[in-house]
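Protein chains in written order, with this note's numbering: chain S, 5 to 299; chain C, 5 to 299.
Beta carbons: idealized from backbone N, C-alpha and C, even for Gly.
Just so you know, these numbers come straight off a predicted model, no measurement behind them.
Working notes for the structure below.
Following this line, the structure appears as structure tokens:
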């Protein structure tokens, strides 16, 4: 039994669960995960029926402790609190958000996920800053601006609907946000060397990550900080090592990696959805491990 | 106001605090921290008296949110719970531990810090394993073995008192631990390619980290995981970048970095203490940034 098997089995101790939920509870990439499931079924450790996975008696006997007991229930294992005041406002605001469309590969993270990023950046000392948000269909710009701590926030997105929404809310709530429609593939000199902090959720191929982070680095004044989300689902350890090399070569010091900090809402809307045209083009979207965004 | 200044000021909003406590609440290395404090005093943002730092009215007006509000109080911002059963036993056991002596650069982390490491490794799927503990004056081997989850634990330490204590407790509680006296500078073939996981708190110079991690890597069977603690106090961003390069060059993928996860007990015993002979010798102990372990 290796670590992935242990993660799977100890996650199943309480109750059977859907394959899609289980994906989230372990560290392997999608191809590795499905191979592992198959092997565990063959060994009689688990049973799979109609997309749901249950532990067998044989599997149950292998594990002594449940993983859930280890995570703090108060903060969902993140270590961070959510500011109640901004949650109230942010929740109300995003009820009317433009819905994700596949052309732009959108798919927003959960409300609590966005708000925990605000807490994290605040606690790290990076909220009181000029902040550059690269791609903002999560409306992180709005969430962070609702604290009234940032000096100024510039949000860019290729989707006009997103930017119009941001600018409308910014005016309504007197938030220090400027939204601009921008295709990341084109450099814009207005946003060079102007910011203390950038934040982005890159497309998760190496060229995609490189494009997003390069724009982030170029936006920083001098030394600065970058925050970005990556998923483990589309990255084997080998690919992750390549990503790490790229981050290092770009001059970053990796100071914090917080796993399962931002999760997608558990409503199934964000997976296996994008089949059509994606505007950044195939070279940024597809590699051997991009099972979650198939084209 | 930069991120370090923001961290300092927002940490002082509630109450004045000692310089030593304040060190822990910000990210800069010690030389950077003391330079920053001096500048902030000159700018009238803080006042320093008898080793205690207070915020001024001018400083107070700069900050809108307290950082403490962001951290989960339930788990001390770590995201992890402590298993009650092993805490009870571990606490009782370490009451009789051999006291730290400077010859070996010992200085144990807090009880909760050790126990959170156990929870973290469990949740990451790495506790059900053959574990190699490199240097064990924290008695992590005992804490993790008390879960009865690990297959086997081998703990090595240069200090005979530590190893005798571990072996005595292992027998008393029927724990699967083997303790061996070993000077890390000498390779021992018995511990090559035998383990799934290693854990260590290296001496924090580049040669020191390299020595500890190399022994860790060599102990792993094939692919495996390593857990190690580093402090930010003795590392500027530049030094941290060098550490990152070394970790990368050794073939590690950095998958989790959890800040302020293990802290030293707040009793002042562990700082500015070692003035004498340290057995690993100067080359492993001293660099330009090692202010916390001066010789």
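Separation of residue j from residue i, as counted between CA atoms
i	j	result
residue 117 of chain S	residue 124 of chain S	10 Å
residue 199 of chain S	residue 256 of chain S	16 Å
residue 237 of chain S	residue 208 of chain S	10 Å
residue 6 of chain S	residue 150 of chain S	45 Å
residue 169 of chain C	residue 68 of chain S	27 Å
residue 249 of chain C	residue 262 of chain S	20 Å
residue 8 of chain S	residue 227 of chain C	13 Å
residue 109 of chain C	residue 188 of chain C	14 Å
residue 32 of chain C	residue 219 of chain S	26 Å
residue 145 of chain S	residue 80 of chain S	23 Å
residue 16 of chain S	residue 179 of chain S	45 Å
residue 66 of chain S	residue 129 of chain C	13 Å
residue 51 of chain C	residue 41 of chain C	9 Å
residue 20 of chain S	residue 38 of chain S	17 Å
residue 264 of chain S	residue 76 of chain S	13 Å
residue 43 of chain S	residue 235 of chain S	24 Å
residue 106 of chain S	residue 242 of chain S	28 Å
residue 190 of chain C	residue 206 of chain C	16 Å
residue 30 of chain S	residue 45 of chain C	48 Å
residue 10 of chain C	residue 127 of chain S	9 Å
residue 155 of chain C	residue 48 of chain S	21 Å
Unbroken beta strand (DSSP E) run spanning residue i, endpoints
i	result
residue 128 of chain C	That residue, residue 128 of chain C, is in no beta strand (DSSP E); it is neither H nor E in DSSP.
residue 183 of chain S	181-185
residue 56 of chain S	56-59
residue 53 of chain C	50-53
Three-way DSSP call (helix, strand, coil) for residue i in this model
i	result
residue 265 of chain S	coil
residue 232 of chain C	strand
residue 101 of chain C	coil
residue 45 of chain C	helix
residue 188 of chain C	coil
residue 85 of chain S	coil
residue 25 of chain S	helix
residue 20 of chain S	coil
residue 153 of chain S	coil
residue 196 of chain S	coil
residue 202 of chain C	strand
residue 238 of chain C	coil
residue 159 of chain S	strand
residue 224 of chain S	strand
residue 213 of chain S	helix
residue 257 of chain C	coil
residue 116 of chain S	helix
residue 63 of chain C	helix
residue 68 of chain S	coil
residue 148 of chain C	helix
residue 93 of chain C	helix
CB of residue i within 8 Å of CB of residue j, strictly
i	j	result
residue 70 of chain S	residue 18 of chain S	yes
residue 113 of chain C	residue 94 of chain C	no
residue 186 of chain C	residue 213 of chain C	no
residue 143 of chain S	residue 92 of chain S	no
residue 172 of chain C	residue 197 of chain C	no
residue 85 of chain C	residue 74 of chain S	yes
residue 258 of chain C	residue 12 of chain S	no
residue 160 of chain S	residue 181 of chain S	no
residue 195 of chain C	residue 136 of chain C	yes
residue 240 of chain S	residue 72 of chain S	no
residue 60 of chain S	residue 120 of chain S	no
residue 174 of chain S	residue 90 of chain S	no
residue 131 of chain S	residue 98 of chain S	no
residue 221 of chain S	residue 28 of chain S	no
Integer Cβ distance of residue i from residue j, believed to fall under 8 Å
i	j	result
residue 139 of chain C	residue 204 of chain C	6 Å
residue 63 of chain C	residue 22 of chain C	17 Å between Cβ atoms; not a contact.
residue 26 of chain S	residue 57 of chain S	6 Å
residue 254 of chain S	residue 215 of chain S	Rounded, the Cβ-Cβ distance is 12 Å, inconsistent with contact.
residue 141 of chain C	residue 166 of chain C	5 Å
residue 183 of chain S	residue 202 of chain S	Contact flag wrong, Cβ pair sits at about 15 Å.
residue 210 of chain C	residue 251 of chain C	With a Cβ gap of about 11 Å, residue 210 of chain C and residue 251 of chain C do not count as contacting.
Span of the alpha helix (DSSP H), counted from its first residue to its last, around residue i
i	result
residue 78 of chain S	Counting along the chain, residue 78 of chain S falls outside any alpha helix (DSSP H), and DSSP gives it neither H nor E.
residue 252 of chain S	241-253
residue 134 of chain C	Here residue 134 of chain C belongs to no alpha helix (DSSP H); instead the beta strand (DSSP E) covers 134-138.
residue 172 of chain C	164-177
Proximal chain A residues relative to residue i, where beta-carbon distance stays under 9 Å
i	result
residue 130 of chain S	Considering every chain present, this structure includes no chain A. Its protein chains are S and C.
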